[in-house]
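Residue numbers (full-length UniProt numbering), protein chains in the order written: chain A, 1 to 181; chain R, 1 to 181.
Working notes, beginning with the structure itself.
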DNA sequence: CGCCGATCTTTCAAGCCTAAAATGTTTTCA
DNA sequence: TGAAAACATTTTAGGCTTGAAAGATCGGCG
């Protein structure tokens with residue numbers, strides 16, 4: 001992993017990687033294949049979980065995900081916090097919360113100190129509805145991963161942590177470039 | 001991977017896995033964490049690629065994906081084939097093809113032998129537009145994976161293949177259950 | 001104090017996506 | 001041959017998602 005000659009003062013990891021890659025003309029095959037395989041796995045699992053949530057609980061995946069986030073914060077969370085954790089846009093959260101509130105699964109409470117912000121939290125009904133779904137959900141995931149050994153799972157965790165960090169770095173580099181230069 | 005006592009005649013791998021899991025009460029933690037990490041990686045990469053495709057080429061990710069599928073089939077492909085390969089619904093493909101045809105990047109041609117089906121293929125404009133995007137896209141992915149060694153990538157490929165097979169099996173089992181029993 | 005940039009949320013238009021029903025075509029097989 | 005099943009696509013209604021713009025509030029600083 002040789003570092004590049006240093007001419008540009010500001011961080012340039014992305015450009016460096018692209019440059020280095022273009023020197024070996026049309027490669028990137030392995031990285032591309034890895035990305036496609038990752039995407040296939042995620043798409044298959046997501047589709048299956050979506051189907052099961054709909055069939056057995058008549059709930060959509062994004063709604064389940066939002067409930068799952070709230071479950072982890074007993075005192076509730078602002079919409080912005082939800083948006084960051086779920087990695088979706090602000091406007092998206094507004095609509096999801098609206099629909100879940102209509103169903104009585106979440107409720108909005110005013111933020112005590114900041115009149116811009118709004119807390120959302122599970123209602124008792126939301127809490128118990130989620131508990132049932134979450135238990136099934138965990139069983140489904142475990143069953144889908146039944147062909148993986150414990151060692152496979154541990155190793156995948158380690159490698160995906162590394163991937164997550166690598167991707168985060170790549171994104172940060174672009175953002176700082178977009179801003180600074 | 002002990003098989004269960006045999007009482008139910010028809011295949012029951014999913015139920016078996018769920019049963020076995022419930023015996024160790026509230027586990028599945030590792031599988032759940034793995035799924036969450038996988039999802040995080042995919043979401044981050046997808047978001048980043050979506051942003052870059054929009055900023056530099058003013059194209060959406062699903063459109064890029066569709067062009068990529070067609071690129072691999074010089075003589076074109078039916079809508080159903082596209083739908084299966086991209087793992088999205090039929091109606092979705094109808095709309096995507098419609099919009100891409102409006103832009104002149106793809107064209108529909110009648111299927112010679114089957115009047116139900118329709119081929120779609122890249123136009124010359126679509127072909128050359130895609131070529132430019134694909135090259136950038138490959139660079140972006142390679143840059144995002146810059147923190148992974150070649151060995152990491154090879155290992156991830158192997159493990160994700162195993163995961164894909166495991167998930168496929170889990171899905172097939174449910175489908176045969178839904179049908180038969 | 002009063003402005004101004006940052007932050008939180010909503011709104012909007014456009015596009016993506018699904019499941020299910022509808023339409024037209026082909027294939028099967030009695 | 002001629003139903004009936006299977007298949008390929010489109011349509012529809014509803015929901016998800018984004019990016020950008022607008023509205024409301026906050027915090028810092030002169």
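Even glycine gets a Cβ: it sits at the ideal position worked out from N, Cα and C.
Residue i classed as buried or exposed, judged by whether at least 16 other C-beta atoms fall within 10 angstroms
i                      : result
residue 90 of chain A  : exposed
residue 42 of chain R  : buried
residue 219 of chain A : Coverage of chain A is limited to positions 1 through 181, which leaves residue 219 of chain A absent and any answer about it impossible.
residue 31 of chain A  : buried
residue 146 of chain A : buried
residue 106 of chain R : buried
residue 70 of chain R  : buried
residue 172 of chain R : exposed
residue 109 of chain R : exposed
residue 77 of chain A  : buried
residue 129 of chain A : buried
residue 154 of chain A : exposed
residue 138 of chain A : buried
residue 142 of chain A : buried
residue 103 of chain A : exposed
residue 56 of chain A  : exposed
residue 67 of chain A  : buried
residue 133 of chain R : buried
Neighbour flag for residue i against chain A, beta carbons, 8 Å
i                      : result
residue 77 of chain R  : no
residue 167 of chain R : yes
residue 43 of chain R  : yes
residue 10 of chain R  : Because residue 10 of chain R sits at a pLDDT of 39, beneath the cut-off of 50, its placement in the model cannot be relied upon, and the point is left open.
residue 114 of chain R : no
residue 119 of chain R : no
residue 125 of chain R : no
residue 87 of chain R  : yes
residue 138 of chain R : yes
residue 153 of chain R : yes
Bounding residues of the alpha helix (DSSP H) (the contiguous stretch that carries residue i)
i                      : result
residue 57 of chain A  : 29-57
residue 119 of chain R : Segment 118-122 is the beta strand (DSSP E) holding residue 119 of chain R; no alpha helix (DSSP H) there.
residue 95 of chain A  : 90-102
residue 80 of chain R  : 79-86
residue 61 of chain A  : 61-71
Chain-ordered chain R contacts of residue i [CB-CB under 8 Å]
i                      : result
residue 157 of chain A : 30, 33, 34, 37
For residue i, the first and last residue of its enclosing beta strand (DSSP E)
i                      : result
residue 108 of chain R : 106-110
Interface flag, residue i vs chain R, CB-CB below 8 Å
i                      : result
residue 164 of chain A : yes
residue 48 of chain A  : yes
residue 161 of chain A : yes
residue 94 of chain A  : no
residue 177 of chain A : no
Chain R contact residues for residue i, given Cβ-Cβ distances below 9 Å
i                      : result
residue 148 of chain A : 31, 34, 159, 162, 163, 166
Within chain A, the residues that residue i reaches when beta carbons sit closer than 7 Å
i                     : result
residue 60 of chain R : Chain A residues near residue 60 of chain R: none, gap ~15 Å exceeds 7 Å.
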